Amino acid sequence: MSAFQDSSQGQGMPRLALIADRYNPFYLLGHWSDGRFWVVALLAPAVILLALIVLYPLFYGLSLSAHEMRLTRPELGTGFVGPKHFVAMLSDDVFWLAVRNTFLWVGIACVLEVGLGMISALALNRALPGLKVIAVLVLLPWFLPKVVAGNMWALMLDPRLGVLNDILVHLGILAQYKAWFSDPATAFGTAVVIEAWCGFPFFTLLFMAGLKGIPNELYEAASIDGATPTQRFRFVTLPMLRNVMLVAVILRVISLVNSPDLLLILTQGGPGHSTLVLSLYAFETAYRGFDFGYGSALAVVMLVILMLFTFLYVRASSVGRQA
Amino acid sequence: MIVGSARERRLWNVATYAIAGFFGLTALGPIVWLVLTSLKTEADIVTAQGVVYWPSTLTLANYRELWDQTDFPTLFRNSLSATTLTVAICLVVGTLAAYALSREAFRGRQPLLMGLLAIRMFPAVMQIIPLFIIMKAIGLLDTKLGLALAYASFLLPMFIWLMKGFFDDLPGELEEAARIDGCSRLGALWRIALPVARNGILATTVLIAISAWNEFLFALMLTTGADTRTWPVGLQLMIGDFQLPWGLLAAGGVISIIPVVVLFAFVQGSMVRGLTEGATKG
Numbered sequence: 033m034s035a036f037q038d039s040s041q042g043q044g045m046p047r048l049a050l051i052a053d054r055y056n057p058f059y060l061l062g063h064w065s066d067g068r069f070w071v072v073a074l075l076a077p078a079v080i081l082l083a084l085i086v087l088y089p090l091f092y093g094l095s096l097s098a099h100e101m102r103l104t105r106p107e108l109g110t111g112f113v114g115p116k117h118f119v120a121m122l123s124d125d126v127f128w129l130a131v132r133n134t135f136l137w138v139g140i141a142c143v144l145e146v147g148l149g150m151i152s153a154l155a156l157n158r159a160l161p162g163l164k165v166i167a168v169l170v171l172l173p174w175f176l177p178k179v180v181a182g183n184m185w186a187l188m189l190d191p192r193l194g195v196l197n198d199i200l201v202h203l204g205i206l207a208q209y210k211a212w213f214s215d216p217a218t219a220f221g222t223a224v225v226i227e228a229w230c231g232f233p234f235f236t237l238l239f240m241a242g243l244k245g246i247p248n249e250l251y252e253a254a255s256i257d258g259a260t261p262t263q264r265f266r267f268v269t270l271p272m273l274r275n276v277m278l279v280a281v282i283l284r285v286i287s288l289v290n291s292p293d294l295l296l297i298l299t300q301g302g303p304g305h306s307t308l309v310l311s312l313y314a315f316e317t318a319y320r321g322f323d324f325g326y327g328s329a330l331a332v333v334m335l336v337i338l339m340l341f342t343f344l345y346v347r348a349s350s351v352g353r354q355a
Numbered sequence: 010m011i012v013g014s015a016r017e018r019r020l021w022n023v024a025t026y027a028i029a030g031f032f033g034l035t036a037l038g039p040i041v042w043l044v045l046t047s048l049k050t051e052a053d054i055v056t057a058q059g060v061v062y063w064p065s066t067l068t069l070a071n072y073r074e075l076w077d078q079t080d081f082p083t084l085f086r087n088s089l090s091a092t093t094l095t096v097a098i099c100l101v102v103g104t105l106a107a108y109a110l111s112r113e114a115f116r117g118r119q120p121l122l123m124g125l126l127a128i129r130m131f132p133a134v135m136q137i138i139p140l141f142i143i144m145k146a147i148g149l150l151d152t153k154l155g156l157a158l159a160y161a162s163f164l165l166p167m168f169i170w171l172m173k174g175f176f177d178d179l180p181g182e183l184e185e186a187a188r189i190d191g192c193s194r195l196g197a198l199w200r201i202a203l204p205v206a207r208n209g210i211l212a213t214t215v216l217i218a219i220s221a222w223n224e225f226l227f228a229l230m231l232t233t234g235a236d237t238r239t240w241p242v243g244l245q246l247m248i249g250d251f252q253l254p255w256g257l258l259a260a261g262g263v264i265s266i267i268p269v270v271v272l273f274a275f276v277q278g279s280m281v282r283g284l285t286e287g288a289t290k291g
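Residue numbers (this note's numbering), protein chains in the order written: chain A, 33 to 355; chain B, 10 to 291.
This is how it looks when you write it as structure tokens:
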């Protein structure tokens, strides 16, 4: 680690330039970057920032879940209450309903999105003219803000002005306009379909990338062996997409469990509690009820569910691969 | 991949176009309806009988009213500053970290990479509640910097992962050559790595910008005043204020997604690559 590695040294560089260099901040920074703390200097800003905005809030949130903190009832104080909130959940019917809804919401949306993503990717991946353009258009729903997507669908499904109601009535599928979100029987299903519309392009994108990586010879070999298209899909395409599918499903499940945005805009958990999922329940508890302690405890439950899911899912998938 | 007789191929081609057409229509249909609604008069949106598919008169009245009579311009500007701040934080802090994670071998590299991924798992609500309390305590609540920092909590890890992927793709020999020529390590990063990786940087930045621009939940909780509220929150709140002003909402939606669509079109190729690689490697 010599102090000066500048090649100009020793070649009779004018003194003045050397002195000027010494006060040039870029020169100093560059010179300093050759020292031993280079890696630390590169990483420190990110690590410190993330510690402050992620780790500290995370531990704060964990500790909150064991404390009383209700902004509407400050007389309760902010004392330590141990597992009180978690015990309270056991007898909280709304909580169990939210847990059930979360599993349904994530499960159905994910299956729909994988299915739609697979079909669209298989079609769009073929080398036919015009498909490239459609492939780009199909990605649009994914970039659409939830506020816009949610309200747009709400307008199209409006019980008085909705164009989808109109189309369905004209096609003879519906007898009259339907208030999709006021009926507990349809609110959940409708919301899931809209979520699937927003999310399927993510799978299209990943599956298309995965399909590109499958060598053509595999298909040729399979068809020489007399494999039908269904068999080629089952024994060549699906196994080759396994890794992509594994990662895509994990990422999607995480964001489906964690983000209440769409339901917050479409139904706010109603009617009744028919579309209330855990993330929404936690958000409403904290934001509308100002019960930060119980809200944090609900979020901790979500985190535990996600960690368990990821662990089991990855394990199950890699066990399957060895077989 | 289709292999088979000519007749079989033709059949598959027809099926392919049918499926692609269906998906294209499904993806685009609602967006077209949004644009159409934004150009309709109030009478064509709220009709006594039936739905008006093609408006009798196309009008920009909704856009004009939104811009002149609501606080949408302020919302738009607030979002713009919050997004710019987020991008600036991620760009500076994230690029340095991504470069280190891509180029340097050091103890703790793998745990750090995994830790960054694990951040995705933390429920947003779990972040927001403590952030609300902390930011209130230090006066960052209801500020654009506070919002940008909150956004960085989930966008910075994503930025680092995607950028690391782009740096991994560059041959390290270029920087080594520069070092032999007397460049400092920072010089090699600045003069060689960054210019060569600029497409990747651009794509990642656009992705971060779009996510920050569209964000709803954090903004809803961490801003209350009209001078910090972002457009998604403001637009959602208009629903209560004006009783379903569909024309205004549609116009607001169209204005707000224009930057997204333009940016996306701009860097579509490298962004899609970065996204897929970022997701599959992660």
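Quick reminder that beta carbons are idealized off the backbone N, C-alpha and C, glycines included. If you're wondering where the values come from, they're calculated on a predicted model, not measured in any experiment.
Looking at C-alpha atoms only, which residue of B/Ile-264, B/Gly-256, B/Val-242 and B/Leu-272 is the closest neighbour of B/Leu-216?
Of all alpha-carbon atoms in B/Ile-264, B/Gly-256, B/Val-242 and B/Leu-272, the one lying nearest the alpha-carbon of B/Leu-216 is that of B/Leu-272.
If I measure Cβ to Cβ from A/Gly-109 and keep anything under 7 Å in the same chain, skipping five residues before and after, which residues do I get?
Once the five neighbours on either side are set aside, the close Cβ partners of A/Gly-109 are Glu-100.
Given that a residue counts as buried once 16 or more other Cβ atoms are within 10 Å of its Cβ, and exposed if not, what is A/Leu-312?
Counting Cβ neighbours within 10 Å, A/Leu-312 comes out buried, since at least 16 surround it.
Scan the stretch 174-196 of chain A for residues whose Cβ lies nearer than 7 Å to a Cβ of chain B and list them as they occur along the chain.
Residues Phe-175, Leu-176, Pro-177, Lys-178, Val-179, Val-180, Asn-183, Met-184, Trp-185, Leu-187, Met-188, Leu-193 and Val-195.
Under 8 Å, CB to CB, which of the residues in the stretch 164-175 of chain B have a partner in chain A?
Listed in sequence order: Leu-165, Pro-166 and Ile-169.
Bridge partners - B/Arg-238, DSSP secondary structure assignment:
Answer is none; B/Arg-238 lacks a bridge partner.
According to a CB-to-CB cut-off of less than 7 Å, which residues of the stretch 85-100 of chain A neighbour chain B?
Answer set for the stretch 85-100 of chain A: Ile-85, Val-86, Pro-89, Leu-90, Tyr-92, Gly-93 and Leu-96.
Tell me whether A/Phe-322 sits in a helix, a strand or coil according to DSSP, three-state version.
Coil.
Could you check whether B/Thr-233 and B/Asp-177 sit closer than 8 Å to each other, using their CB atoms as the reference points?
No.
Going by C-alpha to C-alpha distance, which of B/Ile-264, B/Leu-253 and B/Gly-196 sits closest to B/Leu-89?
Out of B/Ile-264, B/Leu-253 and B/Gly-196, B/Ile-264 has the C-alpha closest to the C-alpha of B/Leu-89.
Is A/Val-112 helix, strand or coil when you go by DSSP?
The sequence as given places Phe at residue 112 of chain A; Val does not occur at that position. Strand at A/Phe-112.
Do you know offhand how far B/Asn-71's Cα is from A/Leu-154's?
Roughly 41 Å between the two C-alpha positions.
I need the DSSP call for A/Asp-38, collapsed to helix, strand or coil.
Low per-residue confidence applies at A/Asp-38: pLDDT is 48, beneath 50, and the placement is therefore not dependable, though the value from the model is reported in the following sentence. In this structure, DSSP gives A/Asp-38 a state outside helix and strand, which the three-state scheme calls coil.
Does the Cβ of A/Asp-125 lie closer than 7 Å to at least one heavy atom of the ligand SAH?
As presented, the structure is devoid of all ligands, the ligand SAH included, so that no description of it is given.
A/Arg-105 by DSSP, collapsed to three states: which one?
Correct three-state label for A/Arg-105: coil.
8 Å Cβ cutoff, A/Val-336 in contact with chain B
A/Val-336 does not count as touching chain B.
Using the Cα positions of A/Leu-234 and A/Leu-196, report the straight-line distance between them to the nearest angstrom.
Note on residue identity: the sequence assigns Phe, not Leu, to residue 234 of chain A. Their backbone Cα atoms lie some 25 Å apart in a straight line.
Let me make sure I understand the geometry here. Which of A/Gly-221, A/Met-121 and A/Leu-270 has the alpha-carbon closest to that of A/Leu-136?
When only C-alpha atoms are compared, the closest one is A/Gly-221.
I need the straight-line Cα distance from A/Arg-158 to A/Ala-228, nearest angstrom please.
For A/Arg-158 and A/Ala-228, the gap between their C-alpha atoms comes out near 23 Å.
Along the chain, where does the alpha helix (DSSP H) containing B/Phe-31 start, and where does it finish?
Element bounds for B/Phe-31: 15-47.
Burial state of B/Asp-190 (16 or more Cβ within 10 Å)
Per the 10 Å Cβ criterion, exposed.
Do A/Leu-237 and A/Leu-171 have their CB atoms nearer than 8 Å?
Their beta carbons are under 8 Å apart, which means A/Leu-237 touches A/Leu-171 by this criterion.
Given that A/Ile-9 touches chain B, what residues does it touch there, using C-beta distances under 8 Å?
The structure shown does not extend to residue 9 of chain A, since chain A is modelled only from 33 to 355, so the question has no answer here.
Starting from the beta carbon of B/Phe-81, find every residue of chain A whose beta carbon is closer than 8 Å, and list them in chain order.
Neighbours of B/Phe-81 on chain A: none; closest Cβ ~13 Å, over 8 Å.
Does the count of Cβ pairs from the stretch 152-167 of chain B and the stretch 206-222 of chain B closer than 8 Å reach three?
Because the criterion of three Cβ pairs below 8 Å is met, the stretch 152-167 of chain B and the stretch 206-222 of chain B touch.
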